[in-house]
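Novice: Take 139 as the starting number for the sequence shown in my numbering and just add one per residue.
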Amino acid sequence: MAHDLFEAARDAMKFAHAPYSKFPVGAAIRADDGRIYTGANIENLSFPQGWCAEPTAIGCMIMGGAKKIVEMAVIAEKLALCPPCGGCRQKISEFASAGTKIYLCDEVGVQKTITMDELLPFSFKTELLG
139 MAHDLFEAAR
149 DAMKFAHAPY
159 SKFPVGAAIR
169 ADDGRIYTGA
179 NIENLSFPQG
189 WCAEPTAIGC
199 MIMGGAKKIV
209 EMAVIAEKLA
219 LCPPCGGCRQ
229 KISEFASAGT
239 KIYLCDEVGV
249 QKTITMDELL
259 PFSFKTELLG
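#1: Starting from GLY247 and walking both ways along the beta strand (DSSP E), at which residues does that stretch end?
#2: Excluding the 5 residues preceding and the 5 following GLY172 in the sequence, name in chain order all residues of the same chain whose CB lies nearer than 7 Å to its CB.
#3: Grouping DSSP H, G and I as helix and E and B as strand, with all else coil, what is THR194?
#4: With a threshold of 16 other CB atoms inside 10 Å of the CB of GLU265, please say whether the residue is buried or exposed.
#5: Would you list, in sequence order, the uninterrupted beta strand (DSSP E) runs of no fewer than 3 residues that lie entirely inside the stretch 144-174?
#6: Quick one: residues in its chain with C-beta nearer than 6 Å to the C-beta of ILE174, no 5 flanking neighbours on either side, listed in chain order?
#7: Quick check on the burial criterion: 16 or more other C-beta atoms within 10 angstroms. Buried or exposed for MET179?
#8: Note the first and the last residue of the continuous beta strand (DSSP E) segment covering CYS243.
#9: GLU209 by DSSP, collapsed to three states: which one?
#10: Look at the alpha carbon of PHE260 and the alpha carbon of PRO222, and state the distance between them as a whole number of angstroms.
#11: Excluding sequence positions up to five away, which residues of its chain have a Cβ less than 6 Å from the Cβ of PRO193?
#12: As a quick exercise: from MET201, LYS205, THR176 and PHE185, pick the residue whose alpha carbon is nearest that of ALA195.
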């Protein structure tokens, strides 16, 4: 099942708008409705006002009516493995469970699989707000 997410993330990366960093990133989510939602990074000259690929995919998922991330793939053109940045990790955790699989990909496929809990241990949870 991870291979179709890899392909979707790789295809999404082609739509990245990265004229400043020249660092295209793609992400693909399989949601609780079984559908795949994709995103790419969209830069803005006014850093850091752009969007990373992961929250772009999350936005597509929410607008598509899904609520939970079942699994996710991330790929970047210039890195062998591109783990989500800290801010994206928190955003992903809002819609994922501790065991949600995150696939880190390169140009040929999935190279590493980690869980949400491994990606962001001790994450800030809504239960902490009381």
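Glycine residues also receive a C-beta, built at the ideal position from the N, C-alpha and C atoms.
Specialist: Reading from the atomic positions:
#1: Here the question's residue 247 lines up with position 109 in the sequence shown. Its beta strand (DSSP E) spans residues 247-253.
#2: On the sequence shown, position 34 is the one that residue 172 refers to. Cβ within range, chain order: n/a, list empty.
#3: Taking the first residue of the sequence shown as position 1, residue 194 is located at position 56. Three-state result, THR194: helix.
#4: Walking along the sequence shown from the start, residue 265 turns up at place 127. Exposed, since its Cβ has fewer than 16 Cβ neighbours within 10 Å.
#5: 163-169
#6: In the sequence shown, counting from the first residue as 1, residue 174 sits at position 36. Excluding sequence neighbours, ILE174 sits near ALA146, ALA166 and ARG168.
#7: Here residue 179 is taken as the residue at index 41 of the sequence shown, counted from 1. Inspection of the sequence shows that residue 179 is occupied by Asn rather than by Met. Counting Cβ neighbours within 10 Å, ASN179 comes out buried, since at least 16 surround it.
#8: As a first step, residue 243 is located in the sequence shown; it is residue number 105 there, counting from the start. In the DSSP annotation of this structure, the continuous segment of the beta strand (DSSP E) that includes CYS243 starts and ends at 239-244.
#9: The sequence position of residue 209 within the sequence shown is 71, counting from 1. GLU209 falls in the strand class under three-state DSSP.
#10: Numbered from its first residue, the sequence shown carries residue 260 at position 122. Numbered from its first residue, the sequence shown carries residue 222 at position 84. Using only the alpha carbons, I get a separation of about 16 Å.
#11: Residue 193 sits at position 55 when you count from the first residue of the sequence shown. Excluding sequence neighbours, PRO193 sits near LYS229.
#12: For this step, residue 195 is matched to residue 57 along the sequence shown. For the residues MET201, LYS205, THR176 and PHE185, the minimum Cα distance to ALA195 belongs to THR176.
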